[in-house]
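Sequences listed follow chains R and Z, in order.
According to the numbering used here, the first sequence is numbered sequentially starting from 1.
According to the numbering used here, the second sequence is numbered sequentially starting from 1.
Just so you know, even glycine gets a beta-carbon here, dropped at the ideal spot from N, CA and C.
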Amino acid sequence: MKSGQVMIDDCNHYELEKMVHEIHPDLIFAGVRDKYIAHKLGIPGKQMHSYDYSGPYAGFNGAMNFARDVANALTTPAWKLITAPWEHQGPK
Amino acid sequence: MLECMPKARSEHTTGKINPAKTCQPIGAMYAALGIHGCLPHSHGSQGCCAYHRMHLTRHFRDQVLASSSSFTEGASVFGGAANLKTSIKNIFDIYNPEIIAVHTTCLSETIGDDIPTIIKQSEIPEGKIVIHANTPSYQGSHITGFSNMVKGMVTYLAERDEETLRQKRVNIIPGFINPADMREIKRITSDLGIDMIMFPDTTDVLDSPLTSKYEMYPEGGATIAQIRASGNSRLTLTLGHWSSDAAGALLQEKCGVPCIPLKVPIGLKATDDLIMTLKEKFDAVVPKSLTIERGQVVDTLIDTHFHYQGKKVAIFGDPDLVIPLTEFVLTMGMIPTYIITGTPGRQFEDEVSAMIEAAGIQDYIVKAEGDLFELHQWIKEKPVELLLGTSYGKYIARAEDIPLVRVGFPILDRAVHPLMPITGYRGCLRLIEMISNAFLERRDRDCLDEDFELVL
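Okay, here's the thing in structure tokens:
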């Protein structure tokens with residue numbers, strides 16, 4: 001493991017939140033119980049146990065499926081629309 | 001289904017095959033129903049009136065009352081003046097509306113009946129009103145007819161009779177949308193604490209409750225007094241260029257009420273635009289409830305994106321709905337591939353192209369004054385994965401085995417839709433649900449037994 005990389009076995013909620021705030025990941029692969037927590041923290045979450053009912057992720061075609069799902073999760077336009085226009089700070 | 005459809009693209013420059021529009025008087029009749037106590041009157045033969053009433057009734061599943069000048073061969077040769085004068089007399093004698101809104105038909109337009117003069121020569125009881133709009137169907141579409149009748153309301157009714165404009169009141173001209181959508185726009189405006197006059201307003205007219213008591217003129221509709229007073233409002237918002245801008249521009253010219261044209265608030269961005277315009281012009285405070293509703297839409301978009309993102313969609317219908325729908329499917333991460341409206345207007349192509357190209361999509365076709373035959377040929381050449389439009393898309397949907405999500409006018413084969421908004425943030429949720437479910441239903445139908453999932 002290189003410096004700056006973290007591995008936690010049996011990660012609990014406190015550790016997940018702490019990790020997000022310190023490492024600022026761009027994408028979180030987890031299970032269904034953590035997926036929506038990631039979303040609320042503003043980070044795309046993909047389920048790795050069920051592949052979000054997509055997949056398969058094995059093999060060459062699986063790699064294509066995986067790439068498509070990850071690209072969609074990262075680029076879905078809604079991430080840029082989280083703040084309501086009336087909540088934008090600063091001078092008009 | 002549609003087996004004779006030629007596979008190779010064949011351009012047709014004259015005529016339309018399976019048009020994505022209908023005729024002017026339908027729009028004029030719908031607009032007139034948005035005035036309280038109004039009986040729409042069709043100046044032409046009975047067939048026109050019967051067909052328009054039928055079409056509107058089938059969409060709304062509510063009563064649509066309208067009268068006809070009942071042209072026969074005589075009126076077709078000598079003109080319909082006598083018929084209209086007798087109609088006006090009889091209608092006020094027997095059905096006693098507050099106001100009659102006359103629209104013309106192809107027949108009376110071809111004869112050249114001078115409606116304003118005939119109205120002036122008619123016997124109109126004290127306190128009653130007759131207005132009119134010319135609605136020749138060889139021009140434009142039902143949206144043009146709607147726009148002409150709304151403009152007629154301003155011409156005949158709106159007045160500036162107070163010195164200073166009402167600082168806290170906005171006029172909203174909502175366009176050709178369902179009563180539930182008008183209700184939603186009214187709710188958002190009133191949540192912002194702003195007084196409003198909406199005209200036309202078909203809430204409580206075409207979504208009226210069943211109470212065991214029949215009202216020929218239901219409770220809803222903009223009153224004559226309200227439309228008159230729109231001339232004293234501080235601002236007009238016109239929702240949709242094709243349906244509403246002409247009336248807004250006339251109100252500005254006639255009464256000096258400034259007008260801001262907006263999109264019909266379908267989708268996140270168009271709803272944001274409506275709220276921000278009202279907030280800035282009226283110094284309104286956006287309540288937390290609207291911020292929460294908006295946040296729920298963003299949350300739902302994130303949670304469901306993988307059901308529809310990257311899918312190709314064809315959208316067809318009325319320009320003022322198709323433009324914001326295109327904007328919203330882009331927000332959803334979908335790829336609008338074929339976008340048509342039956343209503344003419346180059347501005348449609350310019351606006352839609354600008355939105356799609358801003359999203360980095362190059363491979364698309366947009367066309368105003370298009371038809372469903374051509375759309376079908378494009379789909380045969382290069383398929384899409386979803387159709388978004390009116391019931392008339394169901395033939396292509398069946399022939400090509402593509403899911404159809406029904407939005408717009410008319411929807412003749414599904415119920416409840418006039419009561420459920422597609423506007424505002426609530427409407428975003430409904431569109432996401434319908435589109436998402438269309439793809440998931442397809443997946444459940446088509447997948448192998450071993451891929452059939454309980455959780456999706």
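Residue nearest to residue i in terms of C-alpha spacing, selected from the options
i, options, result
"Z:P287", "Z:T189, Z:H142, Z:D245", "Z:T189"
"Z:K380", "Z:I111, Z:G360, Z:D401, Z:A368", "Z:D401"
"Z:G152", "Z:G317, Z:G34, Z:R426", "Z:G34"
"Z:K89", "Z:I119, Z:V64, Z:T110", "Z:I119"
"Z:M420", "Z:I177, Z:D299, Z:G112", "Z:I177"
"Z:L386", "Z:M334, Z:Y425, Z:I340, Z:C259", "Z:M334"
"Z:Y217", "Z:L39, Z:A314, Z:S243", "Z:L39"
"Z:A133", "Z:G145, Z:E123, Z:S122, Z:A359", "Z:G145"
"Z:L2", "Z:M434, Z:P403, Z:G393", "Z:G393"
"Z:F71", "Z:H55, Z:R53, Z:C48", "Z:C48"
"Z:L404", "Z:I422, Z:S436, Z:S212, Z:Y51", "Z:S436"
"Z:T202", "Z:A82, Z:H241, Z:A28, Z:A415", "Z:A28"
"R:G31", "R:H88, R:G4, R:H49", "R:H49"
"Z:C23", "Z:Q63, Z:R414, Z:P410, Z:A415", "Z:P410"
Residue i, buried or exposed, once every other Cβ within 10 Å from all chains shown has been counted against 16
i, result
"Z:V455", "exposed"
"Z:T135", "buried"
"R:D10", "exposed"
"Z:L278", "buried"
"R:G44", "In the sequence on display, residue 44 of chain R carries Pro and not Gly. So R:P44 ends up on the buried side."
"Z:S67", "buried"
"Z:Q167", "exposed"
"Z:M149", "buried"
"Z:Y214", "exposed"
"R:P111", "For chain R, the structure presents residues 1 to 92; residue 111 of chain R sits outside this window and is missing."
"Z:S289", "exposed"
"Z:V366", "buried"
"Z:S87", "buried"
"R:K92", "Note that R:K92 scores 45 on pLDDT, short of 50, meaning its location in the model is unreliable; the coordinates nonetheless yield the value given after this. Exposed is the call here."
"R:M1", "exposed"
"Z:R346", "exposed"
Proximity test, Cβ basis, 7 Å: residue i and chain Z
i, result
"R:P85", "yes"
"R:A67", "no"
"R:D52", "yes"
"R:H13", "no"
"R:I82", "yes"
"R:H39", "yes"
"R:A78", "yes"
"R:N72", "yes"
Supposed contact pair residue j and residue i - C-beta distance, whole angstroms, cut 8 Å
i, j, result
"Z:I17", "Z:D371", "5 Å"
"Z:L239", "Z:P174", "5 Å"
"Z:N96", "Z:R160", "Contact flag wrong, Cβ pair sits at about 30 Å."
"Z:T197", "Z:S230", "Residue identity differs from the one stated: residue 197 of chain Z is Ile in this sequence, not Thr. The Cβ separation is near 5 Å, so the contact holds."
"Z:F452", "Z:G389", "About 30 Å separates the two Cβ atoms, so there is no contact after all."
"Z:K254", "Z:V154", "7 Å"
"Z:V257", "Z:L165", "7 Å"
"Z:E349", "Z:A368", "5 Å"
"Z:I396", "Z:I224", "Rounded, the Cβ-Cβ distance is 44 Å, inconsistent with contact."
Chain R within 7 Å of residue i, Cβ atoms only
i, result
"Z:K85", "no"
"Z:G47", "no"
"Z:F306", "yes"
"Z:G253", "In the sequence under discussion, the amino acid at residue 253 of chain Z is Glu, which differs from the Gly named in the question. For Z:E253, the answer is no, since every Cβ of chain R falls outside 7 Å of its Cβ."
"Z:T331", "yes"
"Z:T291", "yes"
"Z:V322", "no"
"Z:R9", "no"
"Z:I302", "yes"
"Z:E453", "yes"
"Z:D272", "yes"
"Z:V313", "no"
"Z:V154", "no"
"Z:R294", "yes"
"Z:V352", "no"
"Z:Q24", "no"
"Z:M276", "yes"
"Z:L456", "yes"
Test: residue i CB closer than 7 Å to a CB of chain B
i, result
"Z:K279", "No chain B appears in this structure, whose protein chains are R and Z."
* Would you check if the stretch 70 to 79 of chain R and the stretch 297 to 312 of chain Z touch, i.e. whether three or more CB-CB distances between them fall below 8 Å? => With a cut-off of 8 Å, the stretch 70 to 79 of chain R and the stretch 297 to 312 of chain Z count as touching, because enough Cβ pairs lie within range.
* Taking three-plus beta-carbon pairs below 8 Å as touching, is the stretch 2 to 9 of chain Z in contact with the stretch 111 to 130 of chain Z? -> Under the three-pair Cβ rule at 8 Å, the stretch 2 to 9 of chain Z does not count as touching the stretch 111 to 130 of chain Z.
* Asked: Are the stretch 424 to 439 of chain Z and the stretch 354 to 368 of chain Z touching by the rule of at least three beta carbon pairs closer than 8 Å?
  -> Output reads no: the stretch 354 to 368 of chain Z does not touch the stretch 424 to 439 of chain Z.
* Any chance the stretch 336 to 346 of chain Z sits against the stretch 311 to 327 of chain Z, with 3 or more Cβ pairs inside 8 Å? -> A contact exists between the stretch 336 to 346 of chain Z and the stretch 311 to 327 of chain Z.
* Asked: Per the contact definition of three or more C-beta pairs closer than 8 Å, is the stretch 102 to 118 of chain Z in contact with the stretch 44 to 52 of chain Z?
  -> Touching, yes, given that three or more Cβ pairs across the two stretches are closer than 8 Å.
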